[in-house]
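In my numbering, the protein residues as written are 74 to 256. Idealized CB from N, CA, C, for every residue including glycine.
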Amino acid sequence: MKPRLKRPPMPMAHAVGPESLENTMGAGYVWATLLTVWILSLLPWRVWHAAPEVLLLVITFWSLHDSRRIGMVVAFLFGLTLDVHDVGPLGLQALMYTLTVYGAQAMQRRVLRFDLFQQALHLLPIFVGAKFVTVLIGSFLVSAWPGWSWLFSALLTVALWPLVGWLLLLPQHRLDDAESGST
Numbered sequence: 074m075k076p077r078l079k080r081p082p083m084p085m086a087h088a089v090g091p092e093s094l095e096n097t098m099g100a101g102y103v104w105a106t107l108l109t110v111w112i113l114s115l116l117p118w119r120v121w122h123a124a125p126e127v128l129l130l131v132i133t134f135w136s137l138h139d140s141r142r143i144g145m146v147v148a149f150l151f152g153l154t155l156d157v158h159d160v161g162p163l164g165l166q167a168l169m170y171t172l173t174v175y176g177a178q179a180m181q182r183r184v185l186r187f188d189l190f191q192q193a194l195h196l197l198p199i200f201v202g203a204k205f206v207t208v209l210i211g212s213f214l215v216s217a218w219p220g221w222s223w224l225f226s227a228l229l230t231v232a233l234w235p236l237v238g239w240l241l242l243l244p245q246h247r248l249d250d251a252e253s254g255s256t
């Protein structure tokens, strides 16, 4: 009888995903950034139709980086508060926020493998598509087309993605720099 060759064990499959920020970014930091930007979103600068959706950017960013804490329910609730604040059709911004977070989370594993500029390009159709859906519904409800300033708003929102992402990751970079300097 021939002795059987012992095969090396098969490597176990493991989840491939982006590095988690939870060990450095606590829940307090995430919620503090969300609440700060939410309060800033209640200021009158949002009356301008082409104003960027900064709160949507922060919610989308945290839903990509910490999807267990920030998800579609949080996006819906923040959108609902802005609907009430803006005295518009109830649920339009909540729908836009929820659609954006859903689209971003559907592409989460892919998007997080790129740098912030490439992430913005990947998220461009999600931001524009979600805004377009809500503009169509809103124009149907009021029987008037709002013009194309909404497209400029969506493009400006996407253009701000690298800046907002860099600012939100700044504490992470400082911690990495401090750790690399101590070794």
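- When Gly176, Thr133, Trp234 are compared, the shortest CA-CA separation from Phe190 is found for Trp234.
- Val231 is positioned such that its CB atom lies no closer than 7 Å to that of Leu209.
- Between Ala148 and Val131, the CB-CB gap reaches or exceeds 7 Å.
- Taking each of Arg186, Phe205, Thr154 in turn and checking the Cα distance to Ala227, the smallest one comes out for Phe205.
- Contact between Met169 and Ala203 holds, with the beta-carbon distance rounding to 5 Å and staying under 8 Å.
- About 14 Å separates the Cβ atoms of Val184 and Asp139, ruling out a contact at the 8 Å cut-off.
- CA-CA distance, Leu115 to Trp121, rounds to 13 Å.
- The C-beta distance from Leu108 to Val127 rounds to 13 Å, too long to fall under 8 Å, and the pair is not in contact.
- Straight through space, the alpha carbons of Phe187 and Asp159 are spaced by roughly 35 Å.
- Annotation: the continuous alpha helix (DSSP H) that includes Ser222 extends over 222-232.
- DSSP places Val184 inside the alpha helix (DSSP H), whose first and last residues are 181-184.
- The beta carbon of Trp135 lies closer than 6 Å to those of Val103, Ile143 in the same chain, with the five residues before and after it left out.
- The continuous alpha helix (DSSP H) containing Leu128 extends over residues 127-138.
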